[in-house]
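See below for the structure under consideration.
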């Protein structure tokens, strides 16, 4: 299992990039998440806001999933087709 299960919700400045990944589930989670499904170039194929515990989401052509704090997609103005870049923090 990968992801944020048994971990605290990411803060508004962070998230978890999972690759390769084209689906996520929220089984056992205690909080909702925003999830972005990305292609290999970082383009948003699907944006899921407020994915609640005990639900699942997928994007068949996705290469990666970016799990974010709830409300992040709206706060950052992210839309389908955008190309994202980020920097890794240890």
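Numbering (this note's numbering), first residue to last: 57 to 146. Using N, Cα and C, we set each Cβ at its ideal position, and we do this for glycine too.
| Name the DSSP bridge partner or partners of residue 71? | 124
| Would DSSP call residue 140 helix, strand or coil? | In the structure shown, residue 140 adopts coil according to DSSP, grouped into three states.
| Alpha carbon of residue 130 to alpha carbon of residue 83, nearest angstrom | 24 angstroms
| task | Under 7 angstroms Cβ to Cβ from residue 119, same chain only, skipping five residues before and after it: list those, please. | result | 75, 76, 94, 95, 96
| Beta-carbon proximity of residue 99 to residue 140, cut-off 9 angstroms | The Cβ atoms of residue 99 and residue 140 sit closer than 9 angstroms to each other.
| 6 angstroms Cβ shell around residue 106 - same chain, five flanking residues per side excluded | 88, 126
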